[in-house]
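Trainee:
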Amino acid sequence: MSRFQVSLRDATLADVEHLADLWQPYLRRGADEQLHDLATAIEQLGDHPGERLVVAEYDGEFAGAVFLRAATYSPVNPEPVLQAHNAAVVLQHRKRGVGKALMECAVTWAEELGIAHVATATASGSREANRFMARLALGPQAVLRMAPTPAVRSKLSGRYPGGRQMTQVLAARRSARRARSVSSR
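The numbers in our numbering rise by one with no breaks, and the one at position 60 of the sequence shown is 65.
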């Protein structure tokens, strides 16, 4: 029985279509825009020394990828963290060490850069990905929530209709109560 090895390399423009297929849920809707966005990201990697896009191959076939970025923990916490974005493995290559190799690459690069923490995000509905990351000691730190701006505006408007009008009504009621209490004395 032959044993195949996972090999890692930096992404090239030849990987754009594979990346678009792999990362379909995370990209803009238009196919042409997706390919353009990915090509632009790969081309700009040379301009950003704290970023890498790593591709995994299994037996010479595209098997997965991860985008690595050295950043700060948050805008108010400047502690460095290595973010492993969109770590994903092609369905037919799962359970073969590809995901482990991608995350090993992230940890190794964090160590080389002297970064003490590695962070990642997984799809909330992906039980398999969340369990995999949990087995690697990556625990939940926050919940990232997202919605289209018009949807949030709609909910805000529906939940607090006429917010300023309500404030005015309450102020008028307080004034009326005060006036009643003064006149009843």
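Glycine residues also receive a C-beta, built at the ideal position from the N, C-alpha and C atoms.
Note that the coordinates shown come from a computational prediction; the quantities given were computed from them, not determined experimentally.
(1) Could you check the C-alpha separation between S7 and E62 for me, to the nearest Å?
(2) Which word fits M108, buried or exposed, when buried means at least 16 other C-beta atoms lie within 10 angstroms of its C-beta?
(3) Quick one: what's E116 bridged to in DSSP?
(4) Go ahead and pull the three-state DSSP assignment for D15.
(5) How many Å lie between P85 and M138 at the Cα?
(6) L58 by DSSP, collapsed to three states: which one?
(7) Starting from the Cα of H40, find the closest Cα among T17, E56, K100 and give me that residue.
(8) Got a sec: does the ligand NAP put a non-hydrogen atom nearer than 8 Å to the Cβ of E133?
(9) Between which two residues does the beta strand (DSSP E) containing A75 stretch?
(10) Which same chain residues, not among the five before or five after A111, have their C-beta less than 7 Å away from its C-beta?
(11) So, do the segment 40-53 and the segment 97-105 have three or more beta carbon pairs nearer to each other than 8 Å?
(12) Cutting at 6 Å between CB atoms, please list the residues of its own chain near V11, excluding the five before and the five after it.
(13) How would you label L43, buried or exposed, when you count the other beta carbons within 10 angstroms and need 16 or more for buried?
(14) Look at the alpha carbon of Q97 and the alpha carbon of G35, and state the distance between them as a whole number of angstroms.
Mentor: Answer, in terms of the structure:
(1) Counted from its first residue, the sequence shown places residue 7 at position 2. Counted from its first residue, the sequence shown places residue 62 at position 57. For S7, the predicted structure reports a pLDDT of 47, less than 50, and the residue's modelled location is therefore unreliable. A value from the coordinates is still provided. The alpha-carbon atoms of S7 and E62 are separated by roughly 16 Å.
(2) Counting from one through the sequence shown, the residue named residue 108 turns up at place 103. M108 is buried by the Cβ-count criterion.
(3) Working through the sequence shown from its first residue, we reach residue 116 at position 111. For E116, which the question treats as bridged, DSSP gives no partner whatsoever.
(4) In the sequence shown, the residue the question calls residue 15 occupies position 10. Residue state, collapsed to three classes: strand.
(5) If you number the sequence shown from 1, residue 85 lands on position 80. If you number the sequence shown from 1, residue 138 lands on position 133. Taking the straight line joining both Cα atoms gives about 20 Å.
(6) By one-based count along the sequence shown, residue 58 stands at place 53. L58: strand per DSSP, three-state reduction.
(7) For the purposes of this step, residue 40 is taken as the residue at position 35 of the sequence shown. The question names His, yet the displayed sequence has Leu at residue 40. Considering only alpha carbons, the answer is T17.
(8) No copy of the ligand NAP appears in this structure; indeed no ligand is present at all.
(9) One-based indexing of the sequence shown puts residue 75 at position 70. Run containing A75: 66-79, per the beta strand (DSSP E) assignment.
(10) Your numbering for residue 111 matches position 106 in the sequence shown. V71, L73, L87, A89, V123, listed in sequence order.
(11) no
(12) Numbered from its first residue, the sequence shown carries residue 11 at position 6. Excluding residues within five positions, the ones whose Cβ falls inside 6 Å are A61, Y63, G102, V103, A106.
(13) Along the sequence shown, read from residue 1 onward, the residue named residue 43 stands at position 38. L43 is buried by the Cβ-count criterion.
(14) Locating residue 97 in the sequence shown gives position 92, counting from the first residue. Locating residue 35 in the sequence shown gives position 30, counting from the first residue. Straight-line Cα distance between these residues: approximately 25 Å.
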